[in-house]
Every structure is written in C-alpha cells, then in structure tokens.
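Colleague: Attaching a single structure in structure tokens format; questions to follow.
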Amino acid sequence: MTDRLYLSDSHLQSCAATVLSCVQTADGFDIVLDRTVFFPNAGGQPCDTGLLRLEERAVAVAGCDEADGVLLHHTNAALPVGTAVQAEIDWARRFDLMQQHTGEHLLSYSAYALFEAANVGFHLNTVCGTIDLDKPLSPEQVRQMERRANELAERDLPVTAACYESEDAIAGLPLRKQAEGLTAPIRIVTIEGADCCTCCAPHCRRTGEIGLLFLTDAAPYKGGMRLTFLCGQRALLHVRAMHDTVDHIARRFSTGRESALAAVQKQTDELIAAKKRERTLAARVSAHLADELYRSADTIGNTRFVAARLEDVGAAQLRPLAQQIAGTQRTLVFLLTGDGARVQYLLLAGGGLPLDMGELCQAVNAALSGKGGGRGTLAQGSAAMQPGLDETFEQLRAYLAQRLKALR
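The working numbering applies: residue 8 is where the sequence shown begins, and numbers increase by one.
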C-alpha cells in the first residue's frame, strides 16, 4: 500500500520513496512506490506530473492513476524493484490545480449559501474548470456568487483537510456536499467560516492563495446551469487578454475603452443599414441588367435566346437574374461570370422550352473542363479560369443557338 503524503500536506513537493513494483504496459511502465506526493486523476482534478530522480538520471512521470486502490505512476522507463528515488511533482502545475479546486469550493459554497443551488457536477482541466448547478441562476445572481467567493478568498481563510474512519464520525459536520458510499479514510476539506465537504484532492492552505476568481461563462445545462471559471494566474491572463482586446478595439475606433462598446454598436447599426441599402441597390441593378439583357436577346424561331458573359456579378446572383430575364416567355438563358480564379455558369429554360438543361450543361462542362449538372429547366456548374475563355464562350453561344434552330 502506498502512503499518500498529499492527503495530509498538499504543499509537499517531493519525498524519498522506494519502488515496490514495475509493470510494462502498452505505453510504457507503471511504477508503484511505497510513498508518494503524486496525486492521481480523481475527484474531477487532473493528476500530477513530474520526475522520479535517481543519482545518475531522472525518469519522467507522465501521469498517475489509481487502479483497485493502487497508485500507478506512468513512466517511459523501467525501474527495478527496490530502487530508491526522489519523487518530485511539477509544482507549478500542482499549485495551479490547487488554486482552481479550492476556488471551486468557494464558488460552490457561495451558490449554495446564497441561492440554495447545489453543485451536482465538477470538472477541471489545464484550461478551465466547470461547475454544474442543479438550478439556473440569473446574471445578477451569478455576479453575486462571484463577488461572495472573491470576498471569502480575500479574507485569507485557513483551509484544512482531515481524514475520518467512518461515516458516523462525520455525522455531526456541517457538510455542504457528501458523496455516497464513502469508505475510510473519509477526507473532509474545511474552509474556516465557509465551506465543508468531502474531497480527495490537494487544496491551498489558505484562501488567499487562490487569487482572483472569475466566471467566464454561465449557460443553461440539463435544467440547471453550467459555470465556467478561472482562478489565480488563469484568471489574470484571461482578464489581461480581454483588457488588451478592448484596448485594441478602442484604438481602432479612436475612442476610450469605456466608449468602445458604444462605438462598435454604432458601427454595427451603420453596417446593417448599409447592407439594407446595398440589397435595395443590387435589386435595382439586377432588374436593370435583366431588362437590358432581355431587350438585347436574339430571337430564334419562337424562342428568345440570351447568352451573356458578365462582370461583377456573383455566382449567387445568376439564378435570380436568369429568372428575371426569362419571366414566363419561351426563353433560353446562358449566363457566365468569373471571380478571377473560377468561372460560374448557369442555364435556364423558361416558358415550356422543350430542352433538358442537364443535357446542355454536359456540353458546357466539356467545353470549359468544368463540373456541374441539373435537369429539366435549370442547370449550373463551375470551372477553373482558363486562357481563351472568350473564344470558348462564343463557341458555346453558337452551339446553343444551333440547338434552338433545330427545334423548328
């Protein structure tokens, strides 16, 4: 059995230990020590990483897990049973995770104390932490619990951990949260004057070590709410990044940070109005272009024929433009436009024209080395821009005109 030193001293960074077993796995080796400072993946908190130091070298510990009550240190090298090592955790990683987890206790306590919202789920990774509450809170309530948690952190309250041998021994404790089916040792983490709950993970010694607690998101989740939070350096880096973003936006608008939001809103309103005007003008231009193409159309038998190579017309505009040109009359419309790299084309039959546009599109595909298709009255496709496009377009115009003549 491994003596888990982190249970009584979360700030212990290293210890002397002896290898009890070493088993090869698919990814490396699992080493069991007689004592350790390494916390395994448990309680919603990621495990420690670090080193097993020997006199002549060091073996990296990529992670630590518990299996059937045994702590397994995952390494990439084997160590013989009986080897003496110095087990050393990555302290920066451990302290960061302790800040987040102790901060979670204060946030969960504040939600429960203020609004009787219980924590029913917790997850922590190396980016952020999340708390799942059993009831939704309003934005103002979320801000209130955030303020309360920060006030408690600023009071620099003592944080202690104690282990008990039975559930009867903890029956009189003011527990906010108690897991079911607990077995000895039952570890209780207490924040003096605030939280008290069962927890297996390392925590700060005092709430002042947590630093800033900052809620980055609050979203509905399974009938309750999921809160995303950051503590300590994570919170500072986030606030700094947000401050710099607002500062950059303010400079772009030549205004102060306090006026940045109003400046963005003003530009958004102006952009919406400009887009509305653009759509109106585009509709007028499209109608004018459709009328111009209609008037310049060739008449072959009893069919109007429009073939046009367009400039400054987007691919999305081709279909409505062709429909405006055709109207209800017997018409064949062939439109082609390009953006410099590719060409887009469309074929449309109006007024009961007895030609399959899918068949005609295959001829256009072959001439332009393009891809496209359709059937009945509509077909469209695209191709890479190529030399001699004007000549190819004229050849396609002649081909389509010939197909119309054959209908007589």
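All C-beta atoms in this analysis are idealised placements derived from N, C-alpha and C, irrespective of residue type, glycine included.
1) For chain E, find out if any of its Cβ atoms is closer than 8 Å to the Cβ of P87; answer yes or no.
2) Out of curiosity, what's the CA-to-CA distance linking E172 and D163?
3) Among the residues of its own chain, which have a CB less than 7 Å from the CB of A314, if the five just before and after it don't count?
4) Excluding five sequence neighbours on each side, which residues of the same chain lie with their C-beta closer than 6 Å to the C-beta of G110?
5) Starting from the Cα of D175, find the closest Cα among T223, V166, P192 and L385 and give me that residue.
6) Apart from the five residues on each side of it in sequence, which residues of its chain come closer than 8 Å, Cβ to Cβ, to G231?
7) Is it the case that the Cβ atoms of Q336 and L355 are separated by a distance below 8 Å?
8) Can you tell me which of R259, D16 and T287 puts its alpha carbon nearest to the alpha carbon of Q274?
9) Looking only at C-alpha atoms, which of A370, I279, A99 and S389 sits nearest to Q402?
10) Taking just the CA atoms, how far does A269 sit from T262?
11) So, L113 versus A160, is the Cβ gap smaller than 8 Å?
12) Which one of L328, S117 and R213 has the shortest CA to CA distance from D298?
13) For the candidate residues R247, L222 and G57, whose alpha-carbon lies nearest to that of S117?
14) Unbroken beta strand (DSSP E) runs of length 3 or more, entirely within the stretch 139-227: which are they?
15) To test your reading of the DSSP string, which unbroken beta strand (DSSP E) runs of 3 or more residues are found completely within the stretch 74-153?
16) Cα-Cα, which of A208, T252 and S266 is closest to L104?
17) Rounded to the nearest angstrom, how far is the Cβ of D34 from that of D10, given a contact under 8 Å?
18) Hey, could you find the ends of the beta strand (DSSP E) D37 is sitting in?
19) DSSP three-state label for Q351, please.
20) With the cut-off set at 8 Å, would you say C204 and V166 are in Cβ contact?
21) Considering only C-alpha positions, which residue in the set L343, Q387 and Y301 is nearest to D319?
Modeller: On the basis of the data shown:
1) As a matter of chain content, chain E is missing from the structure shown, which is built from one protein chain.
2) When only Cα atoms are considered, E172 and D163 end up about 29 Å apart.
3) The residues are F341, R404 and L407.
4) For G110, same chain residues with a beta-carbon under 6 Å away, outside a window of 5 residues either side, are I217, L220 and C238 in chain order.
5) With distances taken between Cα atoms, D175 lies closest to P192.
6) For G231, where only same-chain residues beyond five positions count, the Cβ hits under 8 Å are A124, V127, D139, L140, D141, K142 and P143.
7) For Q336 and L355, no; Cβs fall outside 8 Å.
8) Measuring from the Cα of Q274, the nearest candidate turns out to be R259.
9) The residue with the shortest Cα to Cα distance from Q402 is A370.
10) The straight-line gap separating the alpha-carbon atoms of T262 and A269 is approximately 10 Å.
11) In this structure, the beta-carbon distance from L113 to A160 falls below 8 Å.
12) Per the Cα distances, L328.
13) Distances from the alpha-carbon of S117 to those of R247, L222 and G57 put L222 closest.
14) Counting only runs of 3 or more, we get 166-171, 193-198 and 203-205.
15) With a minimum length of 3 residues, the continuous beta strand (DSSP E) runs that stay inside the stretch 74-153 are 77-82, 91-96, 126-131 and 136-140.
16) Checked all of A208, T252 and S266; the closest Cα to L104 is A208.
17) 26 Å between Cβ atoms; not a contact.
18) The continuous beta strand (DSSP E) containing D37 extends over residues F36 to L40.
19) Q351: strand per DSSP, three-state reduction.
20) Judged by beta-carbon spacing, V166 lies beyond the 8 Å limit of C204, meaning their Cβ atoms are not closer than that value.
21) Comparing alpha-carbon positions, the option among L343, Q387 and Y301 lying closest to D319 turns out to be L343.
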